[in-house]
Amino acid sequence: MNLPIRGKAIGLDCGNCDLPFLSHAHGDHLNGVKKSTHIIASKETIELASLSASLSTRPGIQLLDAGHILGSRQLWAETDGGSALYTGDFRLKEGIFSKGAEPKEAEKLIIECTYGDPSFSFPSPEETYSEIAKWVNSHNDSILLLGAYNLGKTQELIKTLNEYCKITPVVTPHSEHFNRVYEKNGIKLDRVVVGTEEAEEVMRGPFVSIVPPKLARKTFASKLGSAFSRKAYSAFVSGWVLRYRHSAHEGFPLSDHADFADILEYVEQVNPKEVTFVHGDGAHLARVLSKKGIRTSLSGALPAQTLPEMEILAPEAKS
Ligand SMILES: [Zn+2]
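With positions in the sequence shown counted from 1, the corresponding number in my numbering is that position plus 27.
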């Protein structure tokens, strides 16, 4: 989807335009912009995504914190017909690294709605960090696997384990590029990487490991437990645990997105005349906002972000 700004088409997480805006470095937002030579983004996003593009901007454009992952930004702009705000993926609640997304009034709002259904109501991240810490501390003689995305959630969990449990987790090499960029930007993350001597030392005793979601299964934990002659448990860390069955022992609803109530609160603060929903199912939100007299539309321009997580989830909803 493009936004016309002073005669130029600015791409919103897509490359078919005069100049793309990349809201953050998650792969599902990156696909269209990889070949672009100039991009509007934060410098952290360019580093996380390993892009060689030059950072660019245009008069009338402001980037605001989106509270999602390191470097995530919203784009606010004076447009040809007024003002517009595009959220990208955003979290309103304060997290361990971020104070949450900053809203700014705009006439046109283009907003993600990954969790655009009233059944999604997340506790504050702080509460979930405490729940995770409680679970970790109550299994201190076991091997624990926390299933989480390599970018964003993994760093949030490393920091949670460092600060709430004083634990140095074992991580896989796949998250190391991202871990290093977080550290380069001032976020210290104590961890050891599988395959190193430090990790081997840690893995002689009980340990906590952050693994890709597909490994956070009871079956994998059981195999690992047999190999190390210890009890082993797994947990899946995602907003989707509120709706779908998963194959881990535990589920924690830690999400770096806004939930349904947050989306409505955010829309209220932006006070738009018109809202376009992208990245999720906005049908329910559109009905709620239409009743308040706000014009709404749905755009299928961005792919669903949930697919990698869904691989390990059963298709039927929890009863
Ligand atoms: Zn994202």
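Yeah, the Cβ is synthetic: ideal placement off N, Cα and C, and Gly gets one too.
Check: Quick one, which of Asp283, Leu30 and Trp267 has its alpha-carbon nearest Gly109's?
Finding: Leu30
Notebook entry, point to check: Along the chain, where does the beta strand (DSSP E) that runs through Lys135 open and close?
Noted result: Lys135 to Cys140
Notebook entry, point to check: For Lys70, which option in Ile88, Leu49 and Gly87 has the closest C-alpha, if you only look at C-alpha atoms?
Noted result: Leu49
Checklist line | Exposed unless 16 or more other CB atoms sit within 10 angstroms - verdict on Asp217 | finding: exposed
Margin query: What I want to know is whether the C-beta of Ser157 ends up closer than 8 Å to one or more non-hydrogen atoms of ligand 1.
Written below: no
Item checked: Check: Asp116 C-beta below 8 Å from any heavy atom of ligand 1 -> yes
Next item on the list: Keeping to the same chain, check which residues put their C-beta closer than 6 Å to that of Phe263; ignore five residues upstream and five downstream.
Entry: Gly174, Ala243, His273, Ala275 and Gly278
Margin query: Please report the distance separating the alpha-carbon of Gly307 from that of Phe287.
Written below: 12 Å
Check: What do you get for His56, buried or exposed, if any count of 16 or more other CB atoms within 10 angstroms of its CB means buried?
Finding: buried
Next item on the list: Give me the Cα-Cα distance between Leu78 and Arg257, rounded to the nearest whole angstrom.
Entry: 42 Å
Next item on the list: Identify whether Gly59 lies in helix, strand or coil by the three-state DSSP scheme.
Entry: helix
Check: So is Ala254 buried or exposed if we call it buried at 16+ other beta carbons inside 10 Å?
Finding: exposed
Checklist line | Short Cβ contact (9 Å threshold) for Ile123 with Ile88 | finding: no
Note to self: Do Ile321 and Glu301 count as a contact pair if the criterion is CB distance below 9 Å?
What the structure shows: yes
Check: Excluding sequence positions up to five away, which residues of its chain have a Cβ less than 6 Å from the Cβ of Pro145?
Finding: Phe287
Check: Can you tell me the Cα-Cα spacing of Ser346 and Phe147, whole angstroms?
Finding: Annotation note: pLDDT 31 at Ser346 (below 50); position unreliable, coordinate value reported separately. So the alpha carbons of these two residues sit roughly 14 Å apart.
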